[in-house]
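Structure, as structure tokens:
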Amino acid sequence: MKKLGILAGVAGLAVSAMLLAPGARSADDAKLEQLKQQGFARVAIANEPPYTAVAADGKVSGAAPDVAREIFKRLGVNDIVASISEYGAMIPGLQAGRFDVVTAGLFMKPERCAAVVYSEPVLCDAEALLVKKGNPKGFKSYEDIAKDASATVGAPGGGTEEKLALNAGVPRDRVIVVPDGQSGLKMVQDGRIDAYSLPVLSINDLVKKANDPNLDVIAPVVGAPVYCDGAAFKKGDEALRDAYDVELAKMKKSGEFAKIIEPYGFSAKAAMSTTREKLCAAK
């Protein structure tokens, strides 16, 4: 692009047209045309505020769907229709064609990047543990849970937290799959698990709504990485992903991206400080 930038006049206009061509082809991609005709995109979410949320009237909100809704509108797709899914079922559902995209805090990791095509980063967060007041077992890390032979930790099935706990040495029978945040919070309150793990912002949202002084949040979890998600598309839908990325980049540059995600507590700067390439290569 630097070499092309020295051209001027008619030649410069021709170069501009060439540079715009990939985006134009993406906008004319068959998948995008299908979504335009359909009038909506089917998105998978986890109902995990502030990433994703579903109100009593069925309205979908949260930082990830709000970004996706705006981008799809810019692409000519009027709305999104959400389906709640466990994290472990999201990629299989995407591959099976039950969803058009996953917008759910599905953090980028090499194995996921091999299974789907991600947009550039959208939401970044660290990990947290929800425990009883005073953190009676003294947990600071997943390794601490592994060392305590009686300790149990709850986590979403197929989610990052489940894998982090298992990789830290917590035995499978002490990693309890929990269907949703409210269930995890209740299990800690009732003493059925010693800790419940989710991203920091998700745990903080649960605690704020519960207004229970008998709970504590341990954050960030020592040794756990900071992750970023992106919109995940089925392999073969790269042109749709590319068109999505074009609009996402425009929103990041204009400040519209920050206006959408920062009221939910996320950092636009964090999402803009890394790339899909770096996240998908991280070990």
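Read left to right, the sequence shown gives residues -27 to -1, 1 to 256 (mature numbering (1 follows the signal peptide of the UniProt record, and there is no 0)). Beta carbons: idealized from backbone N, C-alpha and C, even for Gly. Given the structure is predicted, the values throughout are model-derived calculations rather than measurements.
| Asked | Found |
| --- | --- |
| So, at 7 angstroms on beta carbons, what are the nonlocal neighbours of residue 148 in its own chain, with the 5 sequence-adjacent residues on each side left out? | 126, 128, 135, 138 and 139 |
| Nearest-angstrom Cα distance between residue 53 and residue 222? | 20 angstroms |
| Would you mind working out which of 211, 238 and 39 sits nearest residue 86, comparing C-alpha positions? | 211 |
| Could you say which of 248, 230, 206 and 188 lies nearest to residue 72 if we only look at CA atoms? | 206 |
| List the endpoints of the continuous alpha helix (DSSP H) containing residue 136. | 133 to 140 |
| Suppose you measure from the CA of residue 9 to the CA of residue 17; what does that come to, to the nearest Å? | 18 angstroms |
| Pull the bridge partners of residue 56 from the DSSP assignment, please. | 17 |
| Where in the region 34 to 104 do unbroken runs of the alpha helix (DSSP H), each at least 4 residues long, occur, reported from the N-terminal end onward? | 36 to 47, 60 to 68 and 83 to 86 |
| Report yes if the CB atom of residue 171 is closer than 8 angstroms to the CB atom of residue 101, and no otherwise. | yes |
| In chain order, what residues of the same chain lie with their CB nearer than 7 angstroms to the CB of residue 231, ignoring the 5 residues before and after it? | 241 |
| Are the region 174 to 186 and the region 112 to 122 touching by the rule of at least three beta carbon pairs closer than 8 angstroms? | no |
| In terms of alpha-carbon separation, which member of 88, 165 and 251 lies closest to residue 61? | 88 |
| Going straight from the alpha carbon of residue 160 to that of residue 166, what length do you get? | 6 angstroms |
| In the DSSP assignment, the beta strand (DSSP E) including residue 114 goes from what residue to what residue? | No beta strand (DSSP E) contains residue 114, which DSSP labels as neither H nor E. |
| Using CA coordinates, which residue listed in 26, 21, 37 and 46 is at the minimum distance from residue 6? | 46 |
| Check residue 159 in the structure and name its three-state DSSP category. | helix |
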